[in-house]
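Just so you know, we're using our numbering here: the sequence shown kicks off at 3 and counts up by one. Even for Gly, the Cβ is constructed at its ideal location relative to N, Cα and C. Worksheet: the structure to be examined is printed underneath.
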Amino acid sequence: MAVGIFDSGLGGLTIWDAVQARLPDQEFVYLADSAHAPYGVRDADDIYDLTVAATQRLFDAGCDLVVLACNTASAAALRRMQEGWVPSDKRVLGVFVPLIEALTERQWGDNSPPREVGVKHVALFATPATVSSRAFQRELAFRAIGVDVEGQACGGVVDAIEDGDMILAEALVRSHVDALKRKMPDPDAAILGCTHYPLMKQTFQDALGADVSVFSQADLVADSLADYLERHPDKKGSGEAAFLTTGDPARVSDRATQFLRRKITFTAA
Ligand code: DGL
Numbered sequence: 003m004a005v006g007i008f009d010s011g012l013g014g015l016t017i018w019d020a021v022q023a024r025l026p027d028q029e030f031v032y033l034a035d036s037a038h039a040p041y042g043v044r045d046a047d048d049i050y051d052l053t054v055a056a057t058q059r060l061f062d063a064g065c066d067l068v069v070l071a072c073n074t075a076s077a078a079a080l081r082r083m084q085e086g087w088v089p090s091d092k093r094v095l096g097v098f099v100p101l102i103e104a105l106t107e108r109q110w111g112d113n114s115p116p117r118e119v120g121v122k123h124v125a126l127f128a129t130p131a132t133v134s135s136r137a138f139q140r141e142l143a144f145r146a147i148g149v150d151v152e153g154q155a156c157g158g159v160v161d162a163i164e165d166g167d168m169i170l171a172e173a174l175v176r177s178h179v180d181a182l183k184r185k186m187p188d189p190d191a192a193i194l195g196c197t198h199y200p201l202m203k204q205t206f207q208d209a210l211g212a213d214v215s216v217f218s219q220a221d222l223v224a225d226s227l228a229d230y231l232e233r234h235p236d237k238k239g240s241g242e243a244a245f246l247t248t249g250d251p252a253r254v255s256d257r258a259t260q261f262l263r264r265k266i267t268f269t270a271a
């Protein structure tokens, strides 16, 4: 029994780490589309085609439920997939909504009208494709009023992380935080809207200052997935746990082991 977890590369491992700790009896098939990462600089049609192909690969591996542990795919492809592609016996979920529900202090699935919430000025750090999709603002507008969102497209950070160049990734994060602060000097909250960024959470927090609440997705998605599987036990799937990559398995395994500080072995997708 396995649930699929998809990311363009290694960032989704931050979600995998949290969900397997939260659901120790559930198996997961993780698919990294490393051959095509990063997605954040691609156009929406390209991201849609790649995400559909990867999701189909996870369905073929016995997953009935696939979590897009990638904000870029969730922002650029999920709605279109749900509206016209996902077969009726399968489900595909994204990582945006649990985060927005936490930010707007809502319970899961609370569909009441939008209302005023505690945060007023929110900084969104994400890939260029996620920022330009405005999917975050759209989902937020369904739930909250009076929240000012300033998006900062963090070019280069995902490549640096995928290459294992954390010194470059830190320098880029600091310069993106400076750029954001020039547009929004005093955010109350910051969203790490890319699953690679929790690997840089301390750098974001240090650059933003201690009084800014930094929201990242992993634990929120884990709680939301646990709740979903309790309500839909038929979606636990039939496949066996695996880590698959469209890239070079040895290289991706080395990087993954370095990030999670435990041995992770990828095989070819
Ligand atoms: N980690 C992904 C995200 O959450 C994708 C980054 C990328 O491939 O550009 O957006």
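Report task. Count the C-beta pairs between the segment 133 to 151 and the segment 85 to 104 that are closer than 8 Å, then say yes if the count reaches three, no if not. Result -> Segments in contact, yes.
Query raised in the report: With distances taken between CB atoms, is the gap from D221 to A56 smaller than 8 Å?
Result: No. Outside cutoff.
Requested in this report: Compute the distance between the beta-carbons of E283 and V119, then report whether it is under 8 Å.
Outcome: Outside the displayed span of the chain (3 to 271) sits residue 283, for which this structure offers no information.
Query raised in the report: Which word fits Q109, buried or exposed, when buried means at least 16 other C-beta atoms lie within 10 angstroms of its C-beta?
Result: It is exposed - the Cβ of Q109 has fewer than 16 other Cβ atoms within 10 Å.
Requested in this report: Please state whether DSSP places S215 in a helix, a strand or coil.
Outcome: In the three-state reduction of the DSSP assignment, S215 falls in the strand class, which pools E and B.
Query raised in the report: So, are the CB atoms of V43 and K238 less than 8 Å apart?
Result: With contacts defined as CB atoms closer than 8 Å, V43 and K238 fail to qualify as a contacting pair.
Query raised in the report: Are the beta-carbon atoms of G64 and T197 separated by less than 8 Å?
Result: Result no, Cβ atoms of G64 and T197 do not sit closer than 8 Å.
Query raised in the report: Does the segment 75 to 94 come close enough to the segment 124 to 132 that 3 or more CB-CB pairs lie under 8 Å?
Result: Flag = yes, the segment 124 to 132 and the segment 75 to 94 touch.
Query raised in the report: Taking C-beta to C-beta, are L246 and Q28 nearer than 8 Å?
Result: No, these two residues do not count as a Cβ contact at 8 Å.
Query raised in the report: Out of curiosity, what's the CA-to-CA distance linking G166 and R257?
Result: One alpha carbon belongs to G166, the other to R257, and they sit about 7 Å apart.
Query raised in the report: On the three-state DSSP scale, how would you describe V99?
Result: Here V99 sits in helix by DSSP.
Report task. Could you please give the first and the last residue of the uninterrupted alpha helix (DSSP H) stretch that includes E107? Result -> Per DSSP, E107 belongs to no alpha helix (DSSP H) and is neither H nor E.
**Report entry** Outcome for R233 when other beta-carbon atoms lying within 10 angstroms are tallied against a minimum of 16
**Finding:** The residue in question, R233, is exposed, as its Cβ has fewer than 16 Cβ neighbours within 10 Å.
Query - Expected contact under 8 Å - CB spacing of F217 and L101 to nearest Å - result: Right, the Cβ-Cβ distance comes to about 6 Å (below 8 Å), so this counts as a contact.
Requested in this report: Label S36 either buried or exposed according to how many other C-beta atoms from any shown protein chain fall within 10 Å of its C-beta, with 16 as the threshold for buried.
Outcome: That one is buried.
Query raised in the report: Is the Cβ-Cβ distance between L60 and F8 less than 8 Å?
Result: A contact, by the Cβ cut-off of 8 Å.
**Report entry** Heavy atom of ligand 1 within 7 Å of V21 beta-carbon
**Finding:** Not a single heavy atom of ligand 1 lies less than 7 Å from the C-beta of V21.
Query raised in the report: Can you give the Cα-Cα distance for L170 and V160, rounded to whole angstroms?
Result: CA-CA distance, L170 to V160, rounds to 11 Å.
Query - Endpoints, alpha helix (DSSP H) assigned at F127 - result: F127 -> not in any alpha helix (DSSP H); beta strand (DSSP E) instead, spanning 123 to 128.
Query - Unbroken stretches of the alpha helix (DSSP H), 4 residues or longer, contained in the segment 9 to 49 - result: For the segment 9 to 49, the full-length alpha helix (DSSP H) segments reaching 4 residues or more read 15 to 24 along the chain.
Query raised in the report: If you draw a straight line from the C-alpha of H242 to the C-alpha of A155, how long is it?
Result: Inspection of the sequence shows that residue 242 is occupied by Glu rather than by His. Cα-Cα distance, rounded: 36 Å.
Requested in this report: Please confirm whether any heavy atom of ligand 1 lies closer than 7 Å to the CB of S10.
Outcome: True, at least one ligand heavy atom lies under 7 Å from that Cβ.
Query raised in the report: Does any heavy atom of ligand 1 sit closer than 7 Å to the C-beta of A39?
Result: For A39, the Cβ falls inside the 7 Å cut-off from some heavy atom of ligand 1.
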